[in-house]
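Number of protein chains: 2
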Amino acid sequence: MPATIRDVARVSGVHVSTVSRTFSAPHLVNPSTRARVLEFAEQLGYRPNRAARALITGRTHNIGLIVADIANPFFPPLIKAAESHARGRDYHVFVADTNEDPGVEEELVLALAKQVDGVLLCSPRMSNAQIEKLSRDVPLVVVNRPVPGLPAVIMDVAQGARLAVEHLTMLGHRHIALLGGPRGSWNNREIRRSATLAARAAGNELTVLGPNPPTEESGAAQADSVLRTGATAVLAYNDLMAVGLIDGLNRLGITVPDQISVVGIDDTALSRRTRPTLTTVATPTAAAGRAAVDMLLQHGDDRRTTALVTLQTELIIRDSSGPCPK
Amino acid sequence: MPATIRDVARVSGVHVSTVSRTFSAPHLVNPSTRARVLEFAEQLGYRPNRAARALITGRTHNIGLIVADIANPFFPPLIKAAESHARGRDYHVFVADTNEDPGVEEELVLALAKQVDGVLLCSPRMSNAQIEKLSRDVPLVVVNRPVPGLPAVIMDVAQGARLAVEHLTMLGHRHIALLGGPRGSWNNREIRRSATLAARAAGNELTVLGPNPPTEESGAAQADSVLRTGATAVLAYNDLMAVGLIDGLNRLGITVPDQISVVGIDDTALSRRTRPTLTTVATPTAAAGRAAVDMLLQHGDDRRTTALVTLQTELIIRDSSGPCPK
DNA sequence: ATGAAAGCGCTAACAC
DNA sequence: GTGTTAGCGCTTTCAT
Chain A
2 MPATIRDVAR VSGVHVSTVS RTFSAPHLVN PSTRARVLEF AEQLGYRPNR AARALITGRT
62 HNIGLIVADI ANPFFPPLIK AAESHARGRD YHVFVADTNE DPGVEEELVL ALAKQVDGVL
122 LCSPRMSNAQ IEKLSRDVPL VVVNRPVPGL PAVIMDVAQG ARLAVEHLTM LGHRHIALLG
182 GPRGSWNNRE IRRSATLAAR AAGNELTVLG PNPPTEESGA AQADSVLRTG ATAVLAYNDL
242 MAVGLIDGLN RLGITVPDQI SVVGIDDTAL SRRTRPTLTT VATPTAAAGR AAVDMLLQHG
302 DDRRTTALVT LQTELIIRDS SGPCPK
Chain B
2 MPATIRDVAR VSGVHVSTVS RTFSAPHLVN PSTRARVLEF AEQLGYRPNR AARALITGRT
62 HNIGLIVADI ANPFFPPLIK AAESHARGRD YHVFVADTNE DPGVEEELVL ALAKQVDGVL
122 LCSPRMSNAQ IEKLSRDVPL VVVNRPVPGL PAVIMDVAQG ARLAVEHLTM LGHRHIALLG
182 GPRGSWNNRE IRRSATLAAR AAGNELTVLG PNPPTEESGA AQADSVLRTG ATAVLAYNDL
242 MAVGLIDGLN RLGITVPDQI SVVGIDDTAL SRRTRPTLTT VATPTAAAGR AAVDMLLQHG
302 DDRRTTALVT LQTELIIRDS SGPCPK
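Listed below in structure tokens is the structure:
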């Protein structure tokens, strides 16, 4: 049976409110009293019950963080950055995984709603309307997708996609395939829009494939369709798919980048690990995590500001992209 | 301002206790009343405040899950399995990452203590005494390490290490290096103990390296020391280190498995992805996650049982292990 | 089957 | 600087 504030009060001969103040407003209590209370509290192993405190203050000092798939290497750096940033501000982060399921997404937001001061919604698959509705239950910051009226932090993948297309053009490629990601992903639409524009500007042909699940398996499975497009270079929705695709191509006897170039997006740890190493668009995920935490916490003071933070991306050229064959 | 139980009571013309019962003990309330209450609740967007409920029932219906490093591919399958298993039993899982820091570990357990019904502590780096102390604040289930007096689920890495050594022996290797993992890891000690035994039984030489951080970089950095041992085969603490080591060896001009064999542990997604694919000991992480959730929840009823669940491991032979050269 | 009242652990006015 | 009092949103006796 853990000690409560009342136990501490009784033992140290003061009233509960004094004990309460000792922990939540130490400067309001006489140093000697405070010392005594602290000592007895320590002795009893007393720790303030944050849940009970939250009931009255309305602040839990917790942040919810919802991602589509913890196993996707894109997320861990974001999660870790958000966590350590939040901890520095005396907040704890609760992470939850939706399995790429919009239904679970909603359920989790609602479940977290009363136990956190706000939720970081990463790469949500729900509709804007659903998200907006949820934001009435709990302060939301959306990551990786702009939602009208809500604070969001996005990464400029459009720029990255353009850079990638330009890079491939420079290497002599005239026909590029875009290996699309999941339906409902804002990033996916953005990449497609930007790649299309960039290809047109360069007078290149662009063939769009998809939608596809954003997984390695799905990338591998598309090797065949990629080949059939006749493209000499591919821009994939993310590193996972790019790596899978390279694998699938290898199995078909096609080598990268000699016969076909492949570019990923995200610059996950993966991209340095594969052979060939992956040319990819680096998205500043750690910075995004920190920015999202900042927005959530500052928004406590000023709920009407609906900022949109855009982080720059850059192209990292490695070994999976090369000159157009022949 | 979200609707409270009182709002619903007022609007539907019943008392709060009736509304309460409608949600927590529906069979105790007249079907027609219940229907009406439910309708108004729906209309107001009312959702019971789990935190307030927990204050009085003592059950939050949340589970804490603490891991050393979300970015380590060993954990995501465990986390996902625990999460979906828990959700099926109307529990939510809050994940937290300690960054391999025992201090943070303790802080997180204490922070979670009052907001969850129990904590799954995965691969803790704390001392047994510290863990036992924490278990007085919140029910604990330890994963990946037995702690006397506490329920735990472990995977039989000793068996896996033995199988690995026997496999290498069969391939003709007479000198094996053990690339050790982090200090404080029970698995690490276990692997070492078992590998030493198995090597002795086979009349093999075993050189132990470490302790080392359980990362890819650390594996790569040890390539040199591994070579200096003169061993023709290496068993690494985990896949991450094994993959890093292969990389480091390659950079030194050594090819795997022709010149040296490398075996990992965990069978993470990584191991199928690398070239050569990795021979490794498969640990049933998803099953471990589910088992841990089960133990935690059933322990609510019977706190004195301190079970120890041991899951079997198996050796997956792929391409990174081959015959001893010469 | 429903209402009345007490209280979970804590904080926040307001007195003194 | 400390005590008093009320109450956060909810459940749970105990009556009725």
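If you read the protein sequences in the order shown, they are chains A and B. Each residue of the first sequence is one higher than the one before, starting from 2 at the first, in the numbering used here. Each residue of the second sequence is one higher than the one before, starting from 2 at the first, in the numbering used here. Note that the Cβ used here is the ideal one computed from N, Cα and C, for glycine as well.
Specify the secondary structure class of V142 of chain B as computed by DSSP and reduced to three states.
-> Here residue 142 of chain B refers to the residue found at position 141 when the second sequence is read from its first residue. Reduced to three states, the DSSP call for V142 of chain B is strand.
Can you tell me whether I67 of chain A is buried or exposed, with buried defined as 16 or more other CB within 10 angstroms of its CB?
-> Along the first sequence, one-based indexing puts residue 67 of chain A at 66. Classification for I67 of chain A: buried.
Which word fits R304 of chain B, buried or exposed, when buried means at least 16 other C-beta atoms lie within 10 angstroms of its C-beta?
-> Taking the first residue of the second sequence as 1, we reach residue 304 of chain B at position 303. Caution applies to R304 of chain B, whose pLDDT of 48 falls short of 50 and renders its modelled position unreliable; the value that the coordinates give is listed next. R304 of chain B should be labelled exposed.
For the region 101 to 114 of chain B, enumerate the residues whose C-beta is nearer than 9 Å to any C-beta of chain A, in chain order.
-> V105, E108, L109, L111, A112, L113 and A114
R304 of chain B by DSSP, collapsed to three states: which one?
-> Here residue 304 of chain B refers to the residue found at position 303 of the second sequence. Only weak support exists for where R304 of chain B lies, its pLDDT of 48 falling under 50; the coordinates are left without a value.
Applying the criterion that 16 or more other CB atoms from any shown protein chain within 10 Å of the CB defines a buried residue, is V9 of chain A buried or exposed?
-> Mapped onto the first sequence, residue 9 of chain A falls at position 8. V9 of chain A should be labelled buried.
C-beta atoms of I261 of chain B and L236 of chain B nearer than 9 Å = Residue 261 of chain B sits at position 260 when you count from the first residue of the second sequence. Residue 236 of chain B sits at position 235 when you count from the first residue of the second sequence. Their beta carbons are not under 9 Å apart, which means I261 of chain B does not touch L236 of chain B by this criterion.
L179 of chain A, DSSP secondary structure in three states | Residue numbering aside, residue 179 of chain A sits at position 178 when the first sequence is read from its first letter. It is a strand residue.
Below 8 Å CB to CB, which residues in the same chain sit around L253 of chain B once its five sequence neighbours on both sides are set aside?
-> Residue mapping note: residue 253 of chain B aligns to position 252 of the second sequence, counting from 1. These residues qualify, in order along the chain: A224, D225 and L228.
Grab me the residues of D365 of chain A's own chain with a C-beta within less than 6 Å of its C-beta, minus the 5 sequence neighbours each way, in chain order.
-> Past the boundaries of the shown model lies residue 365 of chain A; chain A is included only from 2 to 327, so the question cannot be answered.
With distances taken Cα to Cα, identify the nearest neighbour of I177 of chain B among B:C325, B:A82, B:S124 and B:P214.
-> Within the second sequence, numbered from 1, the residue matching residue 177 of chain B stands at position 176. The shortest C-alpha separation from I177 of chain B is found at B:C325.
So, does the CB of E133 of chain A fall closer than 9 Å to a CB anywhere in chain B?
-> Position 132 of the first sequence, counting from 1, holds the residue named residue 133 of chain A. So, not an interface residue.
Bridge partners - V282 of chain B, DSSP secondary structure assignment = Looking up residue 282 of chain B in the second sequence gives position 281. Partner(s): B:I266 and B:L316.
Buried or exposed (CB count within 10 angstroms, at least 16 for buried), A26 of chain A | Start at 1 with the first residue of the first sequence, and residue 26 of chain A comes out as number 25. Exposed is the call here.
Taking C-alpha atoms, which residue in A:G119, A:L164 and A:A232 lies nearest to Y92 of chain A?
-> Position 91 of the first sequence holds residue 92 of chain A. Taking only the C-alpha atoms, the option nearest Y92 of chain A is A:G119.
Residues bridged to F95 of chain B [DSSP beta-bridge criterion] | For this step, residue 95 of chain B is matched to residue 94 along the second sequence. According to DSSP, F95 of chain B bridges with B:G65.
Thinking C-alpha only, which one of B:Q116, B:M296, B:L246 and B:L250 is nearest A52 of chain B?
-> Your numbering for residue 52 of chain B matches position 51 in the second sequence. Checked all of B:Q116, B:M296, B:L246 and B:L250; the closest Cα to A52 of chain B is B:Q116.
Excluding sequence positions up to five away, which residues of its chain have a Cβ less than 8 Å from the Cβ of L39 of chain B?
-> Counting from one through the second sequence, the residue named residue 39 of chain B turns up at place 38. Answer for L39 of chain B: T23, listed in chain order.
Which full runs of the alpha helix (DSSP H) of 4+ residues lie inside the region 14 to 48 of chain A, going along the chain?
-> 17 to 25 and 32 to 45
Start and end residues, beta strand (DSSP E) containing T275 of chain B | Within the second sequence, the letter at position 274 stands for residue 275 of chain B. Where T275 of chain B is concerned, there is no enclosing beta strand (DSSP E), given that its DSSP letter is neither H nor E.
Output yes or no for whether 9 Å exceeds the beta carbon distance between V94 of chain B and V139 of chain B.
-> Here residue 94 of chain B is taken as the residue at index 93 of the second sequence, counted from 1. Here residue 139 of chain B is taken as the residue at index 138 of the second sequence, counted from 1. Cβ distance not < 9 Å, so V94 of chain B and V139 of chain B don't count as in contact.
Go to T230 of chain B, then tell me how far its alpha helix (DSSP H) extends in each direction, as first and last residue.
-> Translated into positions along the second sequence, residue 230 of chain B becomes position 229. Start and end: A224 to T230.
Check whether the Cβ of N31 of chain B lies closer than 9 Å to any Cβ atom in chain A.
-> For the purposes of this step, residue 31 of chain B is taken as residue 30 along the second sequence, with counting starting at 1. No, N31 of chain B lies away from the interface with chain A (no Cβ there is under 9 Å from its Cβ).
Chain B within 9 Å of T275 of chain A, Cβ atoms only | Reading the first sequence from its first residue, position 274 is the one you call residue 275 of chain A. Chain B, which has a Cβ nearer than 9 Å to the Cβ of T275 of chain A, makes this yes.
C-alpha gap between I6 of chain A and S13 of chain A, whole angstroms | Taking the first sequence and counting its residues from 1, the one referred to as residue 6 of chain A is at position 5. Taking the first sequence and counting its residues from 1, the one referred to as residue 13 of chain A is at position 12. Rounded to whole angstroms, I6 of chain A to S13 of chain A spans 11 Å at the Cα level.
Can you give me the Cβ contacts of T197 of chain B inside the same chain, cut-off strictly under 7 Å, excluding the 5 residues immediately before and after it?
-> Residue mapping note: residue 197 of chain B aligns to position 196 of the second sequence, counting from 1. Within the same chain, T197 of chain B has close Cβ partners L207.
Which partner residues does T208 of chain B have in the DSSP bridge list?
-> The residue labelled residue 208 of chain B in the question sits at position 207 within the second sequence. For T208 of chain B, which the question treats as bridged, DSSP gives the partners B:A178.
With L198 of chain B as the anchor, note down where its alpha helix (DSSP H) starts and where it stops.
-> Working through the second sequence from its first residue, we reach residue 198 of chain B at position 197. Per DSSP, L198 of chain B belongs to the alpha helix (DSSP H) from W187 to A203.
At what residues does the beta strand (DSSP E) containing V120 of chain B begin and finish?
-> In the second sequence, counting from the first residue as 1, residue 120 of chain B sits at position 119. Taken as a continuous stretch (DSSP letters only), the beta strand (DSSP E) holding V120 of chain B covers V120 to C123.
Is the region 132 to 147 of chain A in contact with the region 182 to 196 of chain A, if contact means three or more CB pairs nearer than 8 Å?
-> yes
Of the choices A:D320, A:T61, A:K327 and A:A292, whose alpha-carbon is the least far from that of L79 of chain A?
-> The residue you call residue 79 of chain A lines up with position 78 of the first sequence. Answer by Cα proximity: A:A292.
Interface positions of the region 80 to 99 of chain B facing chain A (Cβ-Cβ less than 9 Å), listed along the chain | I80, K81, E84, S85, R88, H93, V94, F95, V96, A97 and D98
Alpha carbon to alpha carbon, how far is L180 of chain A from D102 of chain B? Give it in angstroms, no decimals.
-> Translated into the one-based positions of the second sequence, residue 102 of chain B becomes position 101. Translated into the one-based positions of the first sequence, residue 180 of chain A becomes position 179. Looking at the two C-alpha atoms, the distance is approximately 40 Å.
Hey, is R137 of chain A's beta-carbon within less than 9 Å of any beta-carbon in chain B?
-> The residue labelled residue 137 of chain A in the question sits at position 136 within the first sequence. Yes, contact with chain B.
In angstroms, rounded to a whole number, what distance separates the CA positions of V310 of chain A and A153 of chain A?
-> Here residue 310 of chain A is taken as the residue at index 309 of the first sequence, counted from 1. Here residue 153 of chain A is taken as the residue at index 152 of the first sequence, counted from 1. Taking the straight line from one Cα to the other gives about 6 Å.
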